[in-house]
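As structure tokens, this is what we get:
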């Protein structure tokens, strides 16, 4: 069911369409179809690693939320999750599906630009 959100923008679904916000714009997409493709074992293990990185990134985001309020950009969580996944994979001898951040190279999180905001001229502002 679609509804009017902030600034009279549609959110939710209407028929076969989904309305969501991305970078301050309303995006319309088709509803995703049910996944009928059977995943292989390596794909399932990669999904486990991705889920673990996502959970860890969420915990980090919640932990720094007090200090970064009103400063984040729309893609900061995606960038953080990608960096956590890379750090968990780097220098980690654990098999795929069992990789954790602390067993990899957590030093790769140093210098992460959590509050990067893209200006109209393409430059970044911190």
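Residue numbers (the numbering used here): 3 to 128. Using N, Cα and C, we set each Cβ at its ideal position, and we do this for glycine too. Because the structure is a prediction, the values reported are computed rather than measured.
- Using a 10 angstroms sphere on the CB of residue 26, the tally of other CB atoms stays under 16, which defines it as exposed.
- Residue 23 and residue 92 have their alpha carbons spaced roughly 33 Å apart.
- With 16 or more other Cβ atoms inside 10 Å of its own Cβ, residue 83 counts as buried.
- In its chain, beyond the 5 residues on either side, 11, 12, 21 have a beta carbon closer than 7 Å to the beta carbon of residue 28.
- Residue 47 is positioned such that its CB atom lies closer than 8 Å to that of residue 98.
- Note on geometry: alpha-carbon atoms of residue 69 and residue 59 lie some 16 Å from one another.
- The beta carbon of residue 114 sits closer than 7 Å to those of 82, 85, all from its chain and outside the five residues before and after it, given in chain order.
- When rounded, the separation of the alpha-carbon atoms in residue 31 and residue 14 is 11 Å.
- Here residue 19 is bridged, per DSSP, to 16, 32.
- Burial state of residue 90 is buried, judged by a 10 Å Cβ sphere holding 16 or more other Cβ atoms.
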